[in-house]
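Numbering (the working numbering), first residue to last: 6 to 675.
For every residue, glycine included, the Cβ atom is placed at its ideal position computed from N, Cα and C.
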């Protein structure tokens with residue numbers, strides 16, 4: 006083939022791919038988000054259908070119908086929240102803006118558990134479907150080794166990051182999986198559907214029992230954390246309001262049709278006899294293979310068995326990847342907001358992925374795989390999912406009141422006026438259903454009650470201890486620079502010691518971070534000390550009307566201690582940085598700064614300037630006279646003119662509200 010012909014073939018292939026992507030966009034909104042949402046949804050059928058059928062028996066189709074409606078409510082809630090605050094997470098971000106950091110952490114910690122369990126469940130189930138090709142792979146030891154191998158692949162892949170080729174492969178897998186499941190629904194309903202097989206085994210209260218039916222409902226929501234993954238990626242994928250609506254309609258329609266159709270085929274192809282179905286027995290670990298095996302003629306059943314097993318294996322591993330993708334974005338959000346130790350959220354120097362927490366999650370998932378108990382894992386999963394969804398729905402309701410004017414590219418429909426605002430009824434219904442489901446899981450499933458509550462209590466203890474150690478509020482948002490999380494190769498430091506005066510302004514934390522960036526790294530001199538030092542200094546300016554050793558109000562002393570403790574916590578997040586704190590009394594702030602810098606022998610001073618004023622900005626700016634000369638206060642000018650070391654002045658951008666606070670709080674005396 007000539008080069009021209011080869012190039013023409015490539016162009017044709019590219020045009021076909023472009024047309025396919027365009028068609029997908031018109032039908033599902035964002036192909037990537039649809040793939041991220043649908044992959045865990047499809048995988049849930051592969052591993053939880055047997056558990057649900059074993060509990061709900063003949064009411065299995067009803068369970069999937071109800072869960073589809075709950076998915077619709079939840080999808081609308083996540084669409085509104087993600088369109089308002091497109092950050093790297095879902096319910097934890099919604100709760101942060103609606104309530105406070107503590108509730109935000111509870112939602113994030115619950116979802117973190119679900120992501121880990123989903124990785125464990127999907128990788129274990131993948132080994133069971135793979136055993137169709139070689140039965141020894143389904144044995145306990147071989148299955149465990151294979152599951153651990155899958156987890157390792159997921160960990161390495163997510164540390165490397167999601168590339169364009171991987172995203173396209175997931176999209177193709179979704180299309181193939183949808184086609185296979187749709188074919189099974191059509192063929193199965195044609196061959197097996199019989200109303201008598203469906204209705205005769207149902208005896209409400211006994212077959213199934215109400216407690217089993219309720220538990221099955223909560224398990225059916227096991228795949229909804231795909232919405233969390235999609236919300237985490239939504240900030241990186243530009244999606245219009247119309248595309249969001251198409252995504253919700255396509256996702257909801259797919260769930261209703263496929264879930265309900267598969268459930269109808271399942272309970273008629275493998276009907277309930279004597280309160281038992283083979284879906285929860287022989288085919289518990291690979292229920293879709295059990296359905297395929299019932300098809301006829303025999304050659305078709307065999308072809309479907311292998312086709313389903315192959316697609317299921319790939320879909321389940323892809324679902325594990327999707328869960329780890331969501332986990333990595335959640336880890337970034339929790340780390341940058343100081344909800345978990347920053348060491349856990351450390352970013353890879355080249356890939357910018359939270360490799361530490363990805364590895365930790367992989368290790369925990371490996372531990373959860375070891376018992377090979379599917380019922381145990383899905384029960385614990387339901388605990389976290391129901392709790393997070395409850396918080397997400399309540400957050401959207403609360404945001405209608407706390408942020409009524411904020412732009413919402415997508416709004417949950419069917420709102421009613423209540424207390425001068427529009428309350429979304431679907432979110433209210435979702436909160437009530439999810440909240441009731443969370444309580445039900447704890448009542449009817451003992452492992453979920455103890456393991457779930459234990460996980461929650463351990464997380465709260467970690468959160469409280471971590472924040473209290475930094476003397477940080479439990480409820481207020483406190484962020485850390487992403488640079489702190491980045492595990493970059495060591496660089497030479499600019500300075501060995503820096504003095505940072507603190508005045509209790511909103512800029513103090515930024516100034517400390519600036520100083521930390523300047524001193525972080527390796528010393529330039531082999532004889533230098535291993536750690537650089539930031540001298541954080543709180544200055545009490547005592548008026549002349551009082552003696553220099555006058556008793557200070559307790560409120561001022563408390564403010565100083567809190568500011569110094571915060572500066573120490575922020576500065577020591579950086580590698581090789583130590584923060585020393587002190588309080589001094591003086592008549593003039595500028596004199597004290599210069600004197601302390603000389604006495605301590607620091608190499609530089611970093612301090613904040615007031616926000617530039619436009620009042621005397623020249624005629625073009627509406628001011629009078631020449632250019633503004635007093636761009637800094639008297640204390641800053643004194644330090645610049647008298648200091649024996651370098652002086653680095655930082656300033657907020659014009660219009661930054663924090664700058665106004667700094668200007669009003671900083672001392673004016675030299």
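Local conformation of residue i per DSSP, three classes
i, result
"residue 251", "helix"
"residue 655", "strand"
"residue 322", "helix"
"residue 186", "helix"
"residue 549", "coil"
"residue 427", "strand"
"residue 541", "strand"
"residue 300", "coil"
"residue 491", "strand"
"residue 557", "coil"
"residue 71", "helix"
"residue 395", "helix"
"residue 24", "At residue 24, the pLDDT of 45 sits below 50, so the modelled position is not reliable; the number obtained from the coordinates is stated separately. Residue 24 falls in the helix class under three-state DSSP."
"residue 486", "coil"
"residue 624", "Confidence is the limiting factor: at residue 624 the pLDDT is only 43, short of 50, which leaves the residue's position unreliable and the question unanswerable from this model."
"residue 346", "coil"
"residue 506", "strand"
"residue 586", "strand"
"residue 516", "helix"
"residue 610", "strand"
"residue 259", "helix"
Inter-residue spacing [alpha-carbon to alpha-carbon] between residue i and residue j
i, j, result
"residue 506", "residue 355", "35 Å"
"residue 338", "residue 281", "45 Å"
"residue 207", "residue 58", "12 Å"
"residue 648", "residue 566", "26 Å"
"residue 66", "residue 196", "17 Å"
"residue 363", "residue 396", "25 Å"
"residue 408", "residue 597", "44 Å"
"residue 480", "residue 346", "16 Å"
"residue 209", "residue 215", "8 Å"
"residue 432", "residue 578", "39 Å"
"residue 133", "residue 311", "13 Å"
"residue 602", "residue 423", "59 Å"
"residue 223", "residue 165", "34 Å"
"residue 344", "residue 475", "12 Å"
"residue 503", "residue 608", "6 Å"
"residue 370", "residue 376", "11 Å"
Beta-carbon contacts of residue i that lie in its chain and below 8 Å, excluding the five residues immediately before and after
i, result
"residue 655", "512, 515, 516, 519, 611, 612, 613 and 614"
"residue 259", "43, 46 and 183"
"residue 533", "Note that residue 533 scores 43 on pLDDT, short of 50, meaning its location in the model is unreliable and no value can be drawn from it."
"residue 453", "384, 385, 387, 388, 446 and 447"
"residue 413", "85, 88 and 89"
"residue 333", "163, 358, 359, 362 and 363"
Residues of its chain near residue i, where Cβ-Cβ distance is below 6 Å and the 5 sequence neighbours each way are ignored
i, result
"residue 31", "The predicted position of residue 31 is uncertain, since its pLDDT is 41 and thus under 50; a value taken from the coordinates is nonetheless stated next. Here the set comprises nothing."
"residue 545", "590"
"residue 292", "54, 55 and 284"
"residue 393", "96, 112, 115 and 116"
"residue 159", "325, 326 and 329"
Buried/exposed call for residue i, threshold 16 Cβ in 10 Å
i, result
"residue 102", "buried"
"residue 563", "exposed"
"residue 646", "exposed"
"residue 213", "buried"
"residue 451", "exposed"
"residue 484", "exposed"
"residue 266", "buried"
"residue 290", "buried"
"residue 410", "exposed"
"residue 348", "exposed"
Cut-off 7 Å between Cβ atoms - residues of its own chain near residue i, not counting five sequence neighbours on either side
i, result
"residue 319", "178"
"residue 380", "56"
"residue 420", "427, 428, 429 and 430"
"residue 227", "49, 53, 383, 386, 387 and 390"
"residue 434", "78"
"residue 417", "81, 82, 85, 401, 429, 431 and 432"
"residue 644", "595, 598, 599, 610, 612 and 652"
Item to complete: Go through the stretch 403–461 residue by residue and report every complete run of the beta strand (DSSP E) that reaches 3 residues or more, in order.
Response: 420–423 and 426–429
Worksheet item: Where in the stretch 91–134 do unbroken runs of the alpha helix (DSSP H), each at least 4 residues long, occur, reported from the N-terminal end onward?
Response: 96–103
Fill in: 3 or more residues per run - each beta strand (DSSP E) lying fully within the stretch 209–237
none
Practice prompt. At 4 residues or longer, and completely inside the stretch 262–313: list those alpha helix (DSSP H) runs for me, N to C.
Written response: 292–298
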